[in-house]
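**Student:** Chains A and B, in that order, are what the protein sequence lines are. Residue numbers in the first sequence follow my numbering, run continuously in steps of one, and reach 521 at the last position. Residue numbers in the second sequence follow my numbering, run continuously in steps of one, and reach 521 at the last position. Virtual Cβ for every residue (Gly too), placed ideally from N, Cα, C.
There are 2 protein chains.
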Amino acid sequence: MALCSERERLLAATPRLARLELNSRETSDLEMIAVGAMSPLQGFMTRSDYDSVLDHTRLKSGLPWGVPIVLSLKPGDSAESYKEGEDVALYGENEQILGVLHLEQKWKMDKQDEARKILRTEDGAHPGCQYLKSIGDWYLGGRLSVLDRPRYEKFNKFRLDPVDTRVLFKTLGFKSVVAFQTRNPIHRAHEYLTKVALEICDGLLIHPLVGETKGDDIPADVRMACYQMLLENYYPRQRVVLAVYPQAMRYAGPREAILHAICRKNYGCTHFIVGRDHAGVGSYYGSFDAQAIFDEFSPQEIGITLLKFENAFWCRKTGSMATAKTSGSAAEERVMLSGTQVRAMLKEGKIPPVEFTRPEVARVLIDAAQNG
Amino acid sequence: MALCSERERLLAATPRLARLELNSRETSDLEMIAVGAMSPLQGFMTRSDYDSVLDHTRLKSGLPWGVPIVLSLKPGDSAESYKEGEDVALYGENEQILGVLHLEQKWKMDKQDEARKILRTEDGAHPGCQYLKSIGDWYLGGRLSVLDRPRYEKFNKFRLDPVDTRVLFKTLGFKSVVAFQTRNPIHRAHEYLTKVALEICDGLLIHPLVGETKGDDIPADVRMACYQMLLENYYPRQRVVLAVYPQAMRYAGPREAILHAICRKNYGCTHFIVGRDHAGVGSYYGSFDAQAIFDEFSPQEIGITLLKFENAFWCRKTGSMATAKTSGSAAEERVMLSGTQVRAMLKEGKIPPVEFTRPEVARVLIDAAQNG
Numbered sequence: 150m151a152l153c154s155e156r157e158r159l160l161a162a163t164p165r166l167a168r169l170e171l172n173s174r175e176t177s178d179l180e181m182i183a184v185g186a187m188s189p190l191q192g193f194m195t196r197s198d199y200d201s202v203l204d205h206t207r208l209k210s211g212l213p214w215g216v217p218i219v220l221s222l223k224p225g226d227s228a229e230s231y232k233e234g235e236d237v238a239l240y241g242e243n244e245q246i247l248g249v250l251h252l253e254q255k256w257k258m259d260k261q262d263e264a265r266k267i268l269r270t271e272d273g274a275h276p277g278c279q280y281l282k283s284i285g286d287w288y289l290g291g292r293l294s295v296l297d298r299p300r301y302e303k304f305n306k307f308r309l310d311p312v313d314t315r316v317l318f319k320t321l322g323f324k325s326v327v328a329f330q331t332r333n334p335i336h337r338a339h340e341y342l343t344k345v346a347l348e349i350c351d352g353l354l355i356h357p358l359v360g361e362t363k364g365d366d367i368p369a370d371v372r373m374a375c376y377q378m379l380l381e382n383y384y385p386r387q388r389v390v391l392a393v394y395p396q397a398m399r400y401a402g403p404r405e406a407i408l409h410a411i412c413r414k415n416y417g418c419t420h421f422i423v424g425r426d427h428a429g430v431g432s433y434y435g436s437f438d439a440q441a442i443f444d445e446f447s448p449q450e451i452g453i454t455l456l457k458f459e460n461a462f463w464c465r466k467t468g469s470m471a472t473a474k475t476s477g478s479a480a481e482e483r484v485m486l487s488g489t490q491v492r493a494m495l496k497e498g499k500i501p502p503v504e505f506t507r508p509e510v511a512r513v514l515i516d517a518a519q520n521g
Numbered sequence: 150m151a152l153c154s155e156r157e158r159l160l161a162a163t164p165r166l167a168r169l170e171l172n173s174r175e176t177s178d179l180e181m182i183a184v185g186a187m188s189p190l191q192g193f194m195t196r197s198d199y200d201s202v203l204d205h206t207r208l209k210s211g212l213p214w215g216v217p218i219v220l221s222l223k224p225g226d227s228a229e230s231y232k233e234g235e236d237v238a239l240y241g242e243n244e245q246i247l248g249v250l251h252l253e254q255k256w257k258m259d260k261q262d263e264a265r266k267i268l269r270t271e272d273g274a275h276p277g278c279q280y281l282k283s284i285g286d287w288y289l290g291g292r293l294s295v296l297d298r299p300r301y302e303k304f305n306k307f308r309l310d311p312v313d314t315r316v317l318f319k320t321l322g323f324k325s326v327v328a329f330q331t332r333n334p335i336h337r338a339h340e341y342l343t344k345v346a347l348e349i350c351d352g353l354l355i356h357p358l359v360g361e362t363k364g365d366d367i368p369a370d371v372r373m374a375c376y377q378m379l380l381e382n383y384y385p386r387q388r389v390v391l392a393v394y395p396q397a398m399r400y401a402g403p404r405e406a407i408l409h410a411i412c413r414k415n416y417g418c419t420h421f422i423v424g425r426d427h428a429g430v431g432s433y434y435g436s437f438d439a440q441a442i443f444d445e446f447s448p449q450e451i452g453i454t455l456l457k458f459e460n461a462f463w464c465r466k467t468g469s470m471a472t473a474k475t476s477g478s479a480a481e482e483r484v485m486l487s488g489t490q491v492r493a494m495l496k497e498g499k500i501p502p503v504e505f506t507r508p509e510v511a512r513v514l515i516d517a518a519q520n521g
């Protein structure tokens, strides 16, 4: 955030500046840059970082980085009015002034190239390709002075910045903290994986992504109600922190897993869970691509220890949750429901088996499915 | 092991050498030295290593090392007939020739000093103090030439040397392997901890100690029957290796935990489980002393990643195994039986609750308790 006097000087200048309205993803990114969640980024990427991320999955400095953090013009907008070396006033979707971009560089990007390298597909059905289609052809890069943070109606008591989580972890005496990224309700499978992780770490950060997701994902407020219900009933309160993660989903699978991991390091976490098809969508990525991509880097470069898990299920043979790594049972002894099955059950008001989900969570989802 | 020609030369010489009969612990140690399980040791410790282990918990070279690996004279035996610079023929308890000690150094040790520093007690009730009482006052140190390995009636197909386990792990494609040291049957609590470990490692080595234990520990053949029953029914066979660990127990708690960890590194393991009161006996050590001692060393020095766990129990609230780290439930919702309770049940032929132990394991123990 800009200092007080600088803030007033910049605020006073904004009416005379070229202006740009940020979309939801860009607003999330601006906030994450402002609070240090995307450290070492101090603004939207200039071309050298952008190219380096596309071609080498690293910032120009060498730090592993998965996806571009970029500011785009609207489709059809001319880049003429944005001059390198000048400031640009940035507004949120509701006309709120957010900050000033000290424009260093503007360039016309190649959407196909970005899609191929970051999303590994050019298929128009991929939500990441749809996003690229929705924006203009120009990116503006440069350092940011953030004047006001985006304001939200929801989850404000769960909005913890990296500085907040770091202090909190210290206060709670956590020497090791594992972060769990999620954009879904937590059923038994993920409850199990977070608890495995918690056995080897002092603390657990349940860190649901609440930035923009695709339309058919379960809304964040329903998910938050599920998490709270679950934590109240089935987790030890003094070891678990629930906070929201403001990033927008890219659905970039392996590339996005790197972003998710590095940002959680910035929140003070020491461990990060990477499950099957992390940040994936449809069948664009192999089940373990998002785990394998980390092999391209040394553990020191990543700087946060990865816990790579397989899908979990209830195993009738052992009477416990397990994965293929810990259960020798046959398929028919495993309780694994498909997303489609579960959605159908919830819509009909049926509670899925307790081996699949906790009844308290099912009830929140049934209410949402029937009233939503 | 000595090379063929050297072996014959040494064998031929043994009748003319001073001779020493090894006790059970020393025989185990000789074997472990011979197969590289105690690498870098190449023989029984000389005084500089011994003193360094007592005073600094390290070999003279600096490598972390918890307990002395030493060869003792019998009580009342004179050290006169053992001359520094000469060879000593070493025999097993059954008159089997085991090897030759190239005696470098003999010295009179201070049992109180060793007990205080290694066992952290001089209490005569501690099995380690009883052992010290059972041996003479002199230690003989020097390099070993092993001529014949101790022969065993039992568990021969489970006797895997470090070279065997390393090859096996490679063949099975394990990049990470966690070792579980145990001298007890595995009930649900330890099954759970090994499975937590297996979720984050490719393979699991169940590595029960079968060297000498105190008289009231459950005999190794009963335990082996329990492990086999458990693995057959409740573990994925392709990820778990069962092999015996020939060391004799010291019951030295934290000090012995270091030995257990370093030796498992020699077997090719990357991770090692340290539970509550590891290698402890009675109430000589704090519950987490054997975990805390590793904080005195850097992870690089130890060279094997420690998984430090708390006691596990069945949690009725969540319907799953848990520890205090993962369960918020009240004490009355936890199924935790004392060893005394379990022994009493087994003796009466009663199967403990399935939340405590698998019925197949209980049946093996009941048979042993009633017929043993």
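1) Which chain A residues sit within Cβ distance under 7 Å of B:T331?
2) Exposed or buried, what is B:H205 when buried is set at 16 or more other beta-carbons lying within 10 Å of its beta-carbon?
3) If you follow the beta strand (DSSP E) that B:P357 is in, where does it begin and where does it stop?
4) In terms of alpha-carbon separation, which member of A:L203, A:E445, A:M494 lies closest to A:R265?
5) Provide the residue span of the alpha helix (DSSP H) that contains B:Q261, from first to last.
6) With a threshold of 8 Å between beta-carbons, can B:E348 be considered close to chain A, or not?
7) So which of B:Q254, B:Y280, B:V249, B:K255 has the shortest CA-CA distance to B:E263?
8) Along the chain, where does the alpha helix (DSSP H) containing A:T320 start, and where does it finish?
9) Give me the residue from B:R337, B:N243, B:W463 with the minimum Cα distance to B:P508.
10) Start and end of the beta strand (DSSP E) containing A:Y240?
11) Tell me whether A:D209 sits in a helix, a strand or coil according to DSSP, three-state version.
12) List the residues of chain B that A:M470 touches, going by C-beta distances under 7 Å, in chain order.
13) How about B:L358: is its C-beta nearer than 8 Å to some C-beta of chain A?
14) Say yes only if the C-beta of A:R269 is nearer than 7 Å to one or more non-hydrogen atoms of the ligand NAP, and no if none qualify.
15) Taking the alpha helix (DSSP H) that A:T195 belongs to, which residues open and close that run?
16) Using CA coordinates, which residue listed in A:S432, A:V430, A:G429, A:K457 is at the minimum distance from A:A441?
17) Can you give me the start and stop residues for the alpha helix (DSSP H) that A:K525 sits inside?
18) Please go through the stretch 394-475 of chain B and give each complete beta strand (DSSP E) segment of 3 or more residues, from N-terminal end onward.
19) Just the chain B side, please: which residues come within less than 9 Å of A:L456 by C-beta, in chain order?
20) Along chain A, which residues have their Cβ under 7 Å away from the Cβ of B:R386?
21) Could you say which of B:G291, B:R269, B:V359, B:H427 lies nearest to B:F307 if we only look at CA atoms?
22) Find out if the Cβ-Cβ distance for the pair A:I367, A:P213 is shorter than 8 Å.
23) Find the residues of chain B that neighbour A:Y383, judging by a C-beta separation of less than 8 Å, and give them in chain order.
24) For B:K363, which residues from the same chain have a beta carbon less than 8 Å from its beta carbon, with the 5 sequence-adjacent residues on both sides left out?
25) B:R372 lies in the alpha helix (DSSP H); which residues open and close that run?
26) Given that A:V345 touches chain E, what residues does it touch there, using C-beta distances under 8 Å?
27) Mind checking A:N415: buried by the 16 CB within 10 Å criterion, or exposed?
28) Say whether chain A places a C-beta atom closer than 8 Å to the C-beta of B:K537.
29) Along the beta strand (DSSP E) that carries B:E170, what are the first and last residues, could you check?
30) B:K209 touches chain A at which residues, Cβ-Cβ below 8 Å?
31) Count the other CB atoms, across all protein chains shown, that sit within 10 Å of the CB of B:T489; report buried if there are 16 or more and exposed otherwise.
32) Short of 8 Å in beta carbon distance, which residues of its chain neighbour B:I355, apart from the five on each side in sequence? Order them along the chain.
33) How far does the beta strand (DSSP E) with A:L250 in it reach, from first residue to last?
34) Between B:K496 and chain A, is the shortest Cβ-Cβ distance under 8 Å, so that the two count as touching?
35) So, with DSSP's three-state summary, where would you put A:F307?
**Tutor:** Answer, in terms of the structure:
1) Within the second sequence, the letter at position 182 stands for residue 331 of chain B. Simply none; closest approach about 18 Å.
2) Position 56 of the second sequence, counting from 1, holds the residue named residue 205 of chain B. Counting Cβ neighbours within 10 Å, B:H205 comes out exposed, since fewer than 16 surround it.
3) Walking along the second sequence from the start, residue 357 of chain B turns up at place 208. Run containing B:P357: 352-357, per the beta strand (DSSP E) assignment.
4) In the first sequence, the residue the question calls residue 265 of chain A occupies position 116. For A:R265, the nearest C-alpha among the options comes from A:L203.
5) Indexing the second sequence from 1 puts residue 261 of chain B at position 112. Segment 260-263, the alpha helix (DSSP H) holding B:Q261.
6) Counted from its first residue, the second sequence places residue 348 of chain B at position 199. Yes, its Cβ sits closer than 8 Å to a Cβ of chain A.
7) Taking the first residue of the second sequence as position 1, residue 263 of chain B is located at position 114. The option with the nearest alpha carbon to B:E263 is B:Y280.
8) Residue 320 of chain A sits at position 171 when you count from the first residue of the first sequence. That run of the alpha helix (DSSP H) goes 311-320.
9) As a position in the second sequence, residue 508 of chain B is number 359, starting the count at 1. Taking only the C-alpha atoms, the option nearest B:P508 is B:R337.
10) In the first sequence, counting from the first residue as 1, residue 240 of chain A sits at position 91. 236-240 is the extent of the beta strand (DSSP E) around A:Y240.
11) On the first sequence, residue 209 of chain A is found 60 positions in, with the first residue counted as 1. In the sequence as displayed, the identity of residue 209 of chain A is Lys instead of Asp. Three-state DSSP puts A:K209 in coil, outside helix and strand.
12) Numbered from its first residue, the first sequence carries residue 470 of chain A at position 321. Going along chain B in sequence order, the residues near A:M470 (Cβ under 7 Å) are S469.
13) Working through the second sequence from its first residue, we reach residue 358 of chain B at position 209. False, the Cβ-Cβ gap to chain A never drops below 8 Å.
14) Ligands are entirely absent from the displayed structure, and the ligand NAP is therefore not among its contents.
15) Here residue 195 of chain A is taken as the residue at index 46 of the first sequence, counted from 1. No alpha helix (DSSP H) holds A:T195; DSSP gives it neither H nor E.
16) By 1-based counting over the first sequence, the position of residue 441 of chain A is 292. The candidate whose alpha carbon is nearest that of A:A441 is A:K457.
17) The shown model of chain A, from 150 to 521, leaves out residue 525 of chain A, and the question about it has no answer.
18) 420-423, 454-457, 461-464, 469-472
19) Numbered from 1 along the first sequence, position 307 holds the residue referred to as residue 456 of chain A. Under the 9 Å cutoff, chain B gives E348, I349.
20) Here residue 386 of chain B is taken as the residue at index 237 of the second sequence, counted from 1. Correct list: G477.
21) If you number the second sequence from 1, residue 307 of chain B lands on position 158. Closest option to B:F307, Cα to Cα, is B:V359.
22) Along the first sequence, one-based indexing puts residue 367 of chain A at 218. Along the first sequence, one-based indexing puts residue 213 of chain A at 64. Going by C-beta atoms, A:I367 is not nearer than 8 Å to A:P213.
23) The count along the first sequence starts at 1 and reaches residue 383 of chain A at position 234. Under the 8 Å cutoff, chain B gives K466, T467, G477.
24) One-based indexing of the second sequence puts residue 363 of chain B at position 214. If we look at B:K363 and ignore the five residues flanking it on each side, its Cβ neighbours are P276, M398, Y400, V430.
25) Along the second sequence, one-based indexing puts residue 372 of chain B at 223. It spans 369-383 - the alpha helix (DSSP H) in which B:R372 sits, taken as one unbroken run.
26) In summary, chain E is missing from the structure at hand, where the protein chains are A and B.
27) Along the first sequence, read from residue 1 onward, the residue named residue 415 of chain A stands at position 266. With 16 or more Cβ atoms within 10 Å of its Cβ, A:N415 is classed as buried.
28) No information on residue 537 of chain B is available, as it lies outside the stretch 150 to 521 that chain B covers here.
29) Translated into the one-based positions of the second sequence, residue 170 of chain B becomes position 21. Taken as a continuous stretch (DSSP letters only), the beta strand (DSSP E) holding B:E170 covers 167-170.
30) Here the question's residue 209 of chain B lines up with position 60 in the second sequence. Result: empty, since nearest Cβ-Cβ is about 31 Å, beyond 8 Å.
31) Residue numbering aside, residue 489 of chain B sits at position 340 when the second sequence is read from its first letter. By the neighbour-count rule (16 or more Cβ atoms within 10 Å), B:T489 is not buried but exposed.
32) Here residue 355 of chain B is taken as the residue at index 206 of the second sequence, counted from 1. Result list for B:I355: F329, T331, I335, T343, Y376, L380, V389, V390, L391, A392, in chain order.
33) As a position in the first sequence, residue 250 of chain A is number 101, starting the count at 1. 246-257 is the extent of the beta strand (DSSP E) around A:L250.
34) Position 347 of the second sequence holds residue 496 of chain B. Cβ-Cβ to chain A under 8 Å: no for B:K496.
35) Looking up residue 307 of chain A in the first sequence gives position 158. Three-state result, A:F307: helix.
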